[in-house]
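So in our numbering, the last one in the sequence shown is 503, and the numbering has no gaps at all.
A virtual CB, placed ideally from N, CA and C, is assigned to each residue, including glycine.
Quick caveat: nothing in here was measured; it's all calculated off a predicted structure.
Below is one structure, written out as structure tokens, with a few remarks after it.
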Amino acid sequence: MKIDQFPKDIQPYLIPEPKGKMFYRCLKCGTEFDIQELLYTCVKCGGVLLLENRDISHHRITGNTWHEIFDYRRMLNVQPLKGIFRYYEFIAPIIPLDQIVYLGEGHTPLVHANSRLRNLVGIDFYYKNDGLNPSASFKDRGMACALSYLQYLARKKGLSGILAICASTGDTSASAALYSSYLENTVKSAVLLPKGKVTPQQLSQPLGSGARVLEMPGVFDDCMKVVELLAEQYNVALLNSKNSWRILGQESFSFEIAQDFDYQVGDKAVVLPIGNAGNITAVMSGFLKFFEAGIISTLPWIIGVQSEHADPVYRYYLEQTPAKRHFTPVDVRPSVAQAAMIGNPVSMPRVIELAEKYNQLAGEKRVHVVRVTEQEIMDSMITANQNGNIACTQGGESLAGLRKALDEGLLDSRMIGILDSTAHMLKFATFQEKYFEDSFEPAFEVVPDPNLKNAPVQLTVEDQKPSPQPGKPLKGREMDKFIAHMAEKIANILHLTKK
Ligand SMILES: *Cc1c(COP(=O)(O)O)cnc(C)c1O
Ligand SMILES: [Zn+2]
């Protein structure tokens, strides 16, 4: 719809102008920094940063008006407002619209679980399929924001050839490489991967986008240390979620849930895997922003999920008394939720601060972390996908986490779950293959449930009988016999009855 076709009173709000007063705030010492520099950590104390907006003029707009603005923007054909920047005022309202990078990210579908799956789990729930983003994971939300900011900064300062670097469990690098390749000469990307710890599909993505791909021994946490040192000592732009511009973009996940449920989220429980903890940071922050602006009136439950093989956040919250909590990184073990296989999450200080604020504003403890086994993750992923979903292993972890939260009485079965499938199942097909072929290395501790296994059936022809070969098709009677023979075998296997 064209702008002049919208109601007169809503027109002035539809195309936003940059007017935010954004700054970085250090979570450790409170120092604030100007956003005209790309910072990853506090210059004074090394603490983790978050971006905030001093301009709160958008708080003068009522919640109801916001509902209308967002709903009308849905119908607006303005390219930069089609993705995560539909919520412009709540993301990065300093970036001019013509510098926003949009590759089709965001607005991923909420798919209602079918009744068989709902009955099995014992609660009503939806999957939000973030695997349907351009590079097939939720990381595109954050990358769209970070690269838009980089483009804005580059134009403002006349920079080109910015080298963007990231460490990755697979999806950050796929996304960083995709978005950087779009920016031609402004940004070039290099990605650092733990060798053998990303799937072949994930490795093919940055290669295909033309990024420099570097593989090193170790796990993600080791790669992260290397890129942190590089960002400290050299002129490179760090694209890990330590970069707080990424957190802003990822908040759109919460905004979309609010909008898609007509801003009624008080009975919802959002369940998501925790790796480096950027996602859960953004999800909490997003709901808090909408709550503080009066766009939602109640905060949903948030259930973070970790595998037994990479559970530092879960362990931290085991201690019930906040003053006695102490964060200790863990050494990770092989995990099918490989994208979340992180022992020392960079965003931990953000989680600690935001979870406390969240629970306080919710009036009760609504942020919880549960722990699941590798077996539960795999069984849940396969079960979800046998019911019309396209969950990755981390999406399986979300379902396993929902079940755990119900078992532990953290959730009421009258609530509605919203499960984050953080990536597309195809990226993690190797784990499905290991499950179906019962070929998991012992360290994974996964034994396939025979009822969930699947394998192709090989149709063969008996010795000496001709079969078609590439470049050598069968002809005439031989072909007819071959087709009839195959059809008969299939009819037997599938127990077909004759018409
Ligand atoms: C990055 C990633 C995660 C973990 O998210 P964090 O923000 O690091 O906690 C989970 N699942 C997938 C598919 C990912 O790519
Ligand atoms: Zn500081």
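> Ends of the beta strand (DSSP E) at SER311?
Replying inline: Reading the sequence shown from its first residue, position 307 is the one you call residue 311. Run containing SER311: 305-311, per the beta strand (DSSP E) assignment.
> Pick from CYS227, VAL373 and GLN263: whose alpha carbon is nearest that of VAL350?
Replying inline: What you label residue 350 is simply residue 346 of the sequence shown in a count that begins at 1. Checked all of CYS227, VAL373 and GLN263; the closest Cα to VAL350 is CYS227.
> Excluding the five sequence neighbours on either side, which residues of its own chain have a C-beta within less than 6 Å of the C-beta of PRO452, listed in chain order?
Replying inline: On the sequence shown, position 448 is the one that residue 452 refers to. Counting only Cβ-Cβ distances below 6 Å, and skipping sequence neighbours, we find TYR439 and ASP442.
> Rounded to a whole number of angstroms, what is the C-alpha to C-alpha distance between ARG516 and ILE7?
Replying inline: Nothing in the structure corresponds to residue 516, since the chain is present only between 5 and 503.
>> Short of 6 Å in beta carbon distance, which residues of its chain neighbour GLY67, apart from the five on each side in sequence? Order them along the chain.
In response: Mapped onto the sequence shown, residue 67 falls at position 63. Excluding positions up to five away in sequence, the list reads GLY298 and ILE299.
> Quick one: does the C-beta of PHE331 sit closer than 8 Å to a heavy atom of ligand 1?
Replying inline: To locate residue 331, count along the sequence shown from 1; it is residue 327. PHE331 Cβ: outside cutoff for every heavy atom of ligand 1.
>> For ILE422 and GLY279, I'd like the C-alpha separation in whole angstroms.
In response: In the sequence shown, counting from the first residue as 1, residue 422 sits at position 418. In the sequence shown, counting from the first residue as 1, residue 279 sits at position 275. C-alpha separation (whole angstroms): 18 Å.
> Do three or more CB pairs link the stretch 158-169 to the stretch 180-199 at distances below 8 Å?
Replying inline: yes
> Mind checking LYS520: buried by the 16 CB within 10 Å criterion, or exposed?
Replying inline: Residue 520 is absent from the structure shown; the chain starts at 5 and stops at 503.
> Under the three-state reduction of DSSP, which class applies to ARG58: helix, strand or coil?
Replying inline: Numbered from its first residue, the sequence shown carries residue 58 at position 54. Three-state DSSP puts ARG58 in coil, outside helix and strand.
>> Between VAL317 and VAL373, how many whole angstroms is the CB-CB distance? I'm expecting something under 8 Å.
In response: The residue given as residue 317 occupies position 313 in the sequence shown. The residue given as residue 373 occupies position 369 in the sequence shown. Confirmed, Cβ separation roughly 5 Å.
> Taking C-alpha atoms, which residue in ILE306, LEU124, LEU358 and GLU21 lies nearest to ASP271?
Replying inline: Sequence index remark: in the sequence shown, residue 271 carries index 267 (1-based). It is ILE306 whose Cα lies nearest to the Cα of ASP271.
>> Taking the alpha carbon of THR112 as the reference point, which residue from LEU303, SER258 and ILE494 has its own alpha carbon closest?
In response: As a working mapping, residue 112 is identified with position 108 in the sequence shown. Minimum Cα distance to THR112 is reached at SER258.
> Applying the criterion that 16 or more other CB atoms from any shown protein chain within 10 Å of the CB defines a buried residue, is LEU463 buried or exposed?
Replying inline: Residue 463 sits at position 459 when you count from the first residue of the sequence shown. With fewer than 16 other Cβ atoms within 10 Å, it is exposed.
> Quick one: Cα of PHE94 to Cα of LYS293, how far?
Replying inline: Residue mapping note: residue 94 aligns to position 90 of the sequence shown, counting from 1. Residue mapping note: residue 293 aligns to position 289 of the sequence shown, counting from 1. So the alpha carbons of these two residues sit roughly 7 Å apart.
> Which same chain residues, not among the five before or five after THR176, have their C-beta less than 6 Å away from its C-beta?
Replying inline: Locating residue 176 in the sequence shown gives position 172, counting from the first residue. Closer than 6 Å at Cβ, skipping near neighbours: LYS143 and CYS170.
> Since PRO277 contacts GLU401 with CB under 8 Å, what's their CB separation in whole angstroms?
Replying inline: Position 273 of the sequence shown, counted from the first residue, corresponds to residue 277. Position 397 of the sequence shown, counted from the first residue, corresponds to residue 401. 5 Å between Cβ atoms; contact.
> If you run the structure through DSSP and keep just helix, strand and coil, what is HIS71?
Replying inline: For the purposes of this step, residue 71 is identified with residue 67 of the sequence shown, where counting begins at 1. The answer is helix: DSSP assigns HIS71 an H, G or I state.
> Is the CB-CB distance between ARG77 and ARG58 below 9 Å?
Replying inline: Along the sequence shown, read from residue 1 onward, the residue named residue 77 stands at position 73. Along the sequence shown, read from residue 1 onward, the residue named residue 58 stands at position 54. It is not a contact, given that the beta carbons lie outside the stated cut-off.
> Can you list every residue whose CB sits closer than 6 Å to some heavy atom of ligand 2, going in chain order?
Replying inline: CYS30, LYS32, CYS33, THR35, CYS46, LYS48, CYS49 and GLY51
> Going by the CB atoms, is the gap between SER152 and ILE104 shorter than 9 Å?
Replying inline: Working through the sequence shown from its first residue, we reach residue 104 at position 100. Working through the sequence shown from its first residue, we reach residue 152 at position 148. Cβ atoms of ILE104 and SER152: closer than 9 Å.
> Taking buried to mean at least 16 other C-beta atoms within 10 Å of its own C-beta, is HIS63 buried or exposed?
Replying inline: For this step, residue 63 is matched to residue 59 along the sequence shown. HIS63 is exposed by the Cβ-count criterion.
> Nearest to ALA344 by alpha carbon, out of ILE99, ALA281 and PRO221?
Replying inline: As a first step, residue 344 must be located in the sequence shown, where it is residue number 340. Residue ALA281 is the option with its Cα nearest to ALA344.
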